[in-house]
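One structure is given here, and the rest of the page talks about it.
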Amino acid sequence: MPSDPRHESADPAAIQPGDIVWLDARHLTPTRGDGGRTWPHYGICLYHHYKGVLPDLIVSGTVFQFVCISSVTKSNPFDPARQVLLDHSDSNLGLDGPSAACVDFAPSVLVTVEGKRHVLAGVRRLTHPVVRRVPASPTLQAIAALFQNYWTAVARKTGQE
Amino acid sequence: MKLKKPSPRRKSRNLKAKKSPTTAAAKKTSKASGTAPTDPTPEEIAARRAVARTFFDATSAAAARAAFLSRQQGMLDDAQ
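Chains Z and U, in that order, give the protein sequences. Going by this note's numbering, the first residue of the first sequence is number 1, and it counts up by one from there. Going by this note's numbering, the first residue of the second sequence is number 1, and it counts up by one from there.
Next up, the structure:
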């Protein structure tokens, strides 16, 4: 964990879809339990978007979409309707035990300006010993497909479509 | 003069001493799968970007963002 999480920020241009990052608790709003605060989580970047499109250039206000990684335990069992299992034996993911990407636990972080550079405040890239990430196929595909289905259904229900 | 052949034990000790901290960390991380972690290649990054382009959908992205902002607002309201 960083020494001072309040000042943790990542270069948005360095974060690619599928990268696993550390997300400060300030970005996280739990979807289960009593709805209180939670602790920092690892998250997977899905994409970044701006005004409804995937831009080539990153500007202030660009939204980075993440899905959080949760441990799969007896008290928190795998839910295929909202989660994609991750291969914790894949050393590129750097996970300690059974885990899943939760598409309903999906924080988004805005690009801001700090000094003269664009930053994602409260986000840290994980690059030791290598860039931690999920593979494009099948993992990122499965997460992105489930995310799209899940949130399209929510949009239909709430009349956002 | 015939030189004495170095013992295999000594040779392996020298190799151990040359290991970098990065190699040691990589070995530790790879314990579960038996394969060492690798840095992403440009092709791999391109493949992950292609997945993002394929599955990006403005409606679902907006719904996720709206739900996230609504939960954050709820937390702020509870705190006040």
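From the three backbone atoms N, C-alpha and C, an ideal C-beta is built for every residue, glycine too.
Determine the direct distance from the alpha carbon of residue j to that of residue i, and round the result to whole angstroms.
i	j	result
U/Thr-54	Z/Ser-137	13 Å
Z/Ser-9	Z/Gln-16	15 Å
Z/Ala-25	U/Ala-36	31 Å
Z/Val-111	Z/Gln-65	11 Å
Z/Ile-69	Z/Ser-60	26 Å
Z/Val-113	Z/Ala-13	13 Å
Z/Thr-127	U/Arg-48	17 Å
Z/Val-72	U/Thr-59	29 Å
Z/Thr-38	U/Met-75	11 Å
Z/Asp-11	Z/Ile-20	14 Å
U/Ala-24	Z/Pro-135	Its pLDDT being 49, under 50, U/Ala-24 is placed unreliably by the model, and nothing is read from it.
Z/Val-84	Z/Ile-143	6 Å
U/Val-51	Z/Asp-79	23 Å
U/Ala-46	Z/Leu-93	18 Å
Please classify residue i: does DSSP put it in a helix, a strand, or coil?
i	result
Z/Ser-91	coil
Z/Ile-58	coil
Z/Leu-109	What sits at residue 109 of chain Z in the sequence shown is Val, not Leu. Z/Val-109 falls in the strand class under three-state DSSP.
Z/Asp-19	strand
In the DSSP output, what is residue i paired with across the bridge?
i	result
Z/Ser-9	Z/Ala-121
Z/Gln-83	Z/Cys-102
What is the residue span of the beta strand (DSSP E) that residue i lies within?
i	result
Z/Tyr-47	41 to 49
Z/Ala-100	99 to 102
Between which two residues does the alpha helix (DSSP H) holding residue i run?
i	result
Z/Gln-141	141 to 158
Z/Phe-66	Careful: Z/Phe-66 lies outside any alpha helix (DSSP H), inside the beta strand (DSSP E) at 63 to 71.
Z/Val-134	Premise fails: Z/Val-134 is in no alpha helix (DSSP H) and is neither H nor E.
Z/Val-53	Here Z/Val-53 belongs to no alpha helix (DSSP H), and DSSP marks it neither H nor E.
U/Phe-55	42 to 55
I'd like to check one pair, residue j with residue i: are the Cβ atoms closer than 7 Å?
i	j	result
Z/Gly-122	Z/His-27	yes
Z/Val-63	U/Ala-63	no
U/Asp-39	Z/Val-130	yes
Z/Ala-100	Z/Val-67	no
Z/Val-103	Z/Leu-120	no
Z/Gly-43	Z/Arg-133	no
Z/Pro-107	U/Phe-68	yes
Z/Thr-29	U/Gln-73	no
Give a yes or no on whether the minimum CB-CB distance between residue i and chain A is below 7 Å.
i	result
U/Pro-40	Annotation note: the requested chain A is absent from the structure, which comprises protein chains Z and U.
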